[in-house]
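> In my numbering, the protein residues as written are 4 to 146. Heads up, the beta-carbon is just placed ideally off N, CA and C, and yes, glycines get one too. Model, not experiment: these values are computed from the prediction.
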């Protein structure tokens with residue numbers, strides 16, 4: 004009898020989880036094979052992606068067919084991107100923080116850079132919190 008109750012409970016639980024999962028489970032709209040992507044961020048219909056050393060600005064208004072608008076090659080692989088108005092902050096492998104002017108998305112340009120993460124520490128995550136950037140690295144957090 005206990006075995007029968009366990010089976011009923013398991014089936015009921017599976018049915019509840021299946022219904023909950025269907026409502027909360029995202030599904031792929033399209034796949035865009037544009038090289039290995041370590042970083043992705045966005046604002047509105049604009050998507051920013053770090054594919055190796057290339058920072059790409061992508062028009063994502065057509066979710067099934069995103070289009071590259073502009074590109075900028077940085078000195079190292081892009082690990083994190085934080086958009087802030089017309090500026091992008093791109094964290095690169097080895098602890099470099101690149102400041103990119105994206106006012107003209109077709110022609111992004113590097114306007115500054117600073118080392119973060121300590122030497123030889125590497126930085127891997129980036130968060131824009133108000134007017135501050137928070138960097139997570141092997142050396143800890145930097146603000």
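Out of 113, 93, 116 and 115, which one is the CA nearest neighbour of residue 129?
Along the chain shown, one-based indexing puts residue 129 at 126. Considering only alpha carbons, the answer is 93.
> Which first and last residues belong to the beta strand (DSSP E) in which residue 86 is found?
In the chain shown, residue 86 corresponds to position 83, counting from 1. 81-87 is the extent of the beta strand (DSSP E) around residue 86.
> Could you name the residues of the same chain whose beta carbon sits closer than 8 Å to that of residue 35, not counting the 5 residues immediately before and after it, in chain order?
Here residue 35 is taken as the residue at index 32 of the chain shown, counted from 1. Excluding positions up to five away in sequence, the list reads 69.
> Candidates 95, 87, 57 and 54: which alpha carbon is nearest residue 134's?
Stepping through the chain shown from its first residue, residue 134 is reached at position 131. Ranking the options by Cα distance to residue 134, first place goes to 87.
> Please go through the same chain and pick out, in chain order, the residues whose beta-carbon is closer than 6 Å to the beta-carbon of residue 117, but skip the five residues on each side of it.
Along the chain shown, read from residue 1 onward, the residue named residue 117 stands at position 114. Within the same chain, residue 117 has close Cβ partners 100.
> Please determine, among 56, 48 and 136, the residue with the shortest C-alpha to C-alpha distance to residue 78.
As a first step, residue 78 must be located in the chain shown, where it is residue number 75. Minimum Cα distance to residue 78 is reached at 56.
> CA-CA distance, residue 73 and residue 52?
Taking the first residue of the chain shown as 1, we reach residue 73 at position 70. Taking the first residue of the chain shown as 1, we reach residue 52 at position 49. C-alpha separation (whole angstroms): 11 Å.
> Given residue 131, which residues of its chain have a CB within under 6 Å of its CB, disregarding the five upstream and five downstream residues?
On the chain shown, residue 131 is found 128 positions in, with the first residue counted as 1. If we look at residue 131 and ignore the five residues flanking it on each side, its Cβ neighbours are 85 and 87.
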